[in-house]
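Reading through the structure tokens given below for one structure.
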Amino acid sequence: MLSWLTGRDASDQALNQALASLDMRVWPALLDQHRFLRGLDTREAETLRQHTAWILANKSFHGAHDLRVTPGMRRSIAVQAALPILGLDTSLYRGWTQIVVYPGGFLVPRTETDETGVVHEYVQETAGESWEGGPVILSWEDARASADAQANVVIHEFAHKLDQRDGGADGMPGLRAHRDLDPRRWTEVLNRTFDDFNAWLDEIEPLIPPDVDPESDEATGWYAELPLDPYAAQDQAEFFAVSSESFFIEPRAMAAAWPEWYQLLVQYYRQDPLSRLDDAGVPRPVRP
Ligand SMILES: [Zn+2]
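So our numbering is basically just the index in the sequence shown, starting at one, shifted up by 384.
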């Protein structure tokens with residue numbers, strides 16, 4: 385019977401097959417393909433390989449709009465998704481099965497109620513979605529670009545998956561396995577940092593000339609001094625997801641601006657990505 389129907393993990397055989405597919409012909413190149421994985425040490429890299437194999441064996445990949453999801457695409461998505469749980473347990477990704485991959489950005493219907501109570505319905509193009517108890521949906525164009533970019537849609541959506549455990553998407557992931565982390569402290573530091581970010585954003589926004597669309601590429605320069613992408617100001621759940629992207633990809637600005645928030649993420653993820661970078665922010669080559 386299919387593993388997700390029985391609530392059990394994939395069989396040992398399926399897991400071994402997935403591990404065998406990440407052999408020495410494939411694995412070093414896969415790490416090298418993703419810039420932010422180059423700083424892992426040998427032990428971390430082996431754990432990442434195990435977790436990547438677990439994702440490959442336990443998740444089913446589906447192409448939307450006739451996209452054929454190749455083994456290489458599956459491996460790239462799985463290895464990126466495995467990084468946030470490198471120091472955690474694969475069981476945190478249990479409870480759902482599908483990873484749906486679109487060729488590019490896809491359209492999602494949205495509903496929003498404004499301050500006057502008027503409900504606005506519109507369609508938005510997005511690079512990723514994570515449904516509570518349901519699939520992760522990704523644009524391949526963006527997931528592939530994530531390998532080298534500052535933003536990372538795969539880490540973003542899988543951070544939402546961690547956040548959705550134990551009490552919904554609120555910017556606080558399940559902390560049951562973290563006795564060293566007090567949920568009240570998490571909420572306090574998260575809210576304080578989130579408010580600080582919003583205040584920072586409020587200072588920048590009036591500086592953008594009225595003829596520049598704040599959502600356009602033209603406005604990027606004004607936001608450059610921010611430690612995070614402005615999208616993080618949406619709500620606490622997005623703040624955690626965007627923070628997680630920066631944490632794993634380019635943590636220096638965030639760690640400098642909010643050392644306490646950065647340390648909480650270090651404690652939660654049980655990894656310190658800053659230690660993998662040299663002074664110029666370049667991942668150090670794999671250490672023996
Ligand atoms: Zn999000």
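The beta-carbon is built from N, C-alpha and C at its ideal position, and this holds for glycine as well.
Only a predicted model underlies this, so the values are computations on that prediction, with no experimental measurement involved.
Would residue i and residue j qualify as a contact pair, given that the criterion is a beta-carbon distance under 8 Å?
i	j	result
His544	Ala621	yes
Ala637	Pro611	yes
Trp438	Leu399	yes
Gly423	Arg654	no
Ala402	Ala441	yes
Val650	His540	no
Leu470	Leu432	yes
Leu421	Leu476	no
Phe632	Leu467	yes
Ile730	Trp606	Nothing about residue 730 can be reported from this structure: the residues present for the chain run from 385 to 672 only.
Pro643	Leu658	no
Arg549	Gly558	yes
Below 6 Å CB to CB, which residues in the same chain sit around residue i once its five sequence neighbours on both sides are set aside?
i	result
Ser444	Thr481 and Gln482
Val453	Phe445, Gly447 and Val485
Glu513	Ile521
Ser530	Asn536, Val537 and Val538
Pro493	Val507
What does the Cβ neighbour count give for residue i, buried or exposed, with the cut at 16 atoms within 10 Å?
i	result
Asp425	exposed
Ser460	buried
Tyr409	Note that residue 409 is Arg in the sequence shown, not Tyr. Flag for Arg409 reads exposed.
Thr436	buried
Arg427	exposed
Gln647	exposed
Gly665	exposed
Asp662	exposed
Ala465	buried
Tyr652	buried
Asp416	exposed
Arg560	exposed
Pro412	exposed
Please report the Cβ distance between residue i and residue j, rounded to the nearest whole angstrom; I am assuming they are in contact, meaning their Cβ atoms lie under 8 Å.
i	j	result
Val507	Thr495	About 11 Å; that fails the 8 Å criterion.
Val463	Leu414	6 Å
Trp524	Leu406	With 8 Å as the limit, Trp524 and Leu406 do not qualify as a contact, their Cβ atoms being about 20 Å apart.
Ala511	Asp526	4 Å
Glu589	Pro598	7 Å
According to DSSP, what are the bridge partners of residue i?
i	result
Val503	Thr497
Gln482	Ser444
Phe490	Thr510
Pro643	None; Pro643 has no bridge partner.
Ser523	Tyr486
Leu661	Pro667
Whose C-beta lies closer than 7 Å to the C-beta of residue i among residues of the same chain, with five residues either side of it excluded?
i	result
Ala535	Asp613 and Glu629
Gly517	Gly479 and Trp480
Thr474	His435 and Trp438
Given residue i, which residues of its chain have a CB within under 8 Å of its CB, disregarding the five upstream and five downstream residues?
i	result
Phe623	Gly555, Leu574, Thr577, Phe578, Phe581, Leu612, Ala616 and Ala617
Glu602	Val596
Trp645	Val573, Leu574, Thr577, Ser627 and Met638
Pro672	Reliability of the predicted coordinates at Pro672 is poor, the pLDDT of 47 falling under 50, and the value obtained from them is presented with this limitation in mind. Contacts found: Asp425 and Thr426.
Would you say residue i faces chain B, with C-beta separation under 8 Å as the test?
i	result
Trp524	Of the protein chains in the structure, only one exists, and it is not chain B.
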